[in-house]
Amino acid sequence: MKWKSWIEATRLHTLPVSSAGVVMASGYAAMHGSFRWLPALLCFVFALLAQITSNYANEYYDYKNGSDKKGREGFRRGVTEGDITPAAMRRATFGTLALACCVGCCLIPFGGWQLIPVGVLIAVFALAYSAGPIPLSRVGLGDVAVLLFFGLVPVCLTFYLQTGTITEDVVCGSFAIGLMGVNVLIVNNYRDRDDDLEAGKRTTVVRFGKKTAIVAYLLFGYTAVVLTAPVWAVRNWFVVAPIAYLLMHRATWGRIRRSSGSALNPLLGATARNMLIYTILLTICAAIA
């Protein structure tokens with residue numbers, strides 16, 4: 001059914017990656033005594049719409065560039081399989097982007113007109129991941145884009161809109177979120193390594209190999225925990241948060257090492273789930289610190 005194809009194109013399992021940064025930043029704002037629910041909510045909606053825009057654009061432009069093929073190992077692609085027309089996906093991409101821009105404009109009263117270039121940059125990168133003369137995902141820069149636009153930018157921006165400042169602990173936390181987001185991309189590219197190589201996509205997994213990717217996945221999780229120490233080190237029992245995350249992270253890592261092809265699909269979702277759970281636990285700790 002066509003509605004099912006659209007849900008698959010939205011890639012619900014990836015949405016925790018975009019929402020986690022906003023949730024964490026709001027927790028940090030609460031820790032600093034400056035939580036504001038309206039800009040937090042607007043940032044949350046904006047982040048989701050920007051993520052969906054990027055997902056739709058990825059589906060459309062990967063089809064257009066010939067990067068996707070029928071019967072791929074990853075999640076079903078509606079455009080490639082003929083369930084959704086390219087024109088419909090293109091309209092959905094720019095329609096969702098327009099909605100994101102409208103929500104972004106609602107943030108101007110909280111952060112000033114200087115938010116406009118930031119919003120434009122986010123919109124450009126949402127498309128540039130898959131589109132343009134040099135798509136970031138094809139030249140091994142997708143990981144950098146995720147680190148910046150799912151970590152540094154949303155966390156610092158959300159915190160700034162609530163507090164009017166940016167602190168060192170927030171910057172560290174933003175890189176933690178970014179690294180966990182990169183892990184989601186690593187699983188995706190780990191699964192698609194052979195298809196990407198055939199299609200000419202030079203992802204970091206293609207460039208450096210699967211062994212390097214699996215080591216990076218493990219280390220990024222541990223590094224994220226270290227970067228968020230300013231929160232969970234406040235009280236002794238807060239250590240439950242990083243312990244819970246690392247147990248899940250290590251278990252998922254072990255399963256990734258033993259899996260290949262479509263068997264990695266649920267592990268991509270598990271990586272995003274681990275990220276969201278840790279973010280929620282850390283946010284609770286920050287809010288009551």
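Note that the UniProt record's numbering gives residue 137 to position 137 of the sequence shown, counting from 1, and the numbers run on in steps of one.
We put the beta carbon where it would ideally sit given N, CA and C, even for glycine.
Continuous alpha helix (DSSP H) assignments of at least 4 residues falling wholly in the segment 118-149:
142-147
Measuring CA to CA, which of Thr80, Lys64, Thr93 and Trp37 is closest to Ile52?
Thr93
Please list, in chain order, all residues of the same chain as Asp83 whose beta carbon is under 7 Å from its beta carbon, the five residues on each side excluded.
So the list reads Lys2 and Ser5, once near-sequence residues are dropped.
Buried or exposed by the 16-neighbour rule on C-beta atoms within 10 Å, applied to Cys156
buried
Decide if the segment 198-216 is in contact with the segment 273-285; the criterion is three or more beta carbon pairs, one per stretch, under 8 Å apart.
no
Nearest-angstrom Cα separation, counted from Leu141 out to Leu148:
11 Å
So does Ala287 have its beta carbon nearer than 8 Å to some heavy atom of the ligand COA?
No copy of the ligand COA occurs in the structure displayed, which carries no ligand at all.
In three-state terms, what does DSSP make of Cys106?
coil
Quick check: the Cα distance between Ala241 and Leu276, rounded to an integer number of angstroms?
12 Å
Between the CA atoms of Leu197 and Ala29 - distance to the nearest angstrom:
CA-CA distance, Ala29 to Leu197, rounds to 43 Å.
Assuming contact is defined by CB atoms lying nearer than 9 Å, are Val146 and Gly173 in contact in what I supplied?
No, the Cβ-Cβ distance between Val146 and Gly173 is not below 9 Å.
Beta-carbon contacts of Phe125 that lie in its chain and below 7 Å, excluding the five residues immediately before and after:
Ala145 and Phe149
Determine the contact status of Thr252 and Asn236, defining contact as a CB-CB distance below 9 Å.
For Thr252 and Asn236, no; Cβs fall outside 9 Å.
Using CA coordinates, which residue listed in Lys64, Cys106 and Phe110 is at the minimum distance from Arg90?
Lys64
Do the segment 44-61 and the segment 99-111 meet, that is, are 3 or more Cβ pairs less than 8 Å apart?
yes
Beta-carbon separation of Ala9 and Gly78 under 9 Å?
yes
Would you decide whether Phe208 is buried or exposed? Buried here means 16 or more other CB atoms lie within 10 Å of its CB.
exposed
Use the C-beta contact count for Ser26: other C-beta atoms within 10 angstroms, 16 or more gives buried, fewer gives exposed.
buried
Nearest to Pro86 by CA position, among Gly112, Val206 and Gly66, is which residue?
Here the closest residue by C-alpha is Gly66.
Less than 9 Å between the beta carbons of His32 and Thr163, yes or no?
yes
Three-state secondary structure (DSSP) at Ser260?
coil
Within this structure, are the beta carbons of Lys201 and Ser260 separated by less than 9 Å?
no
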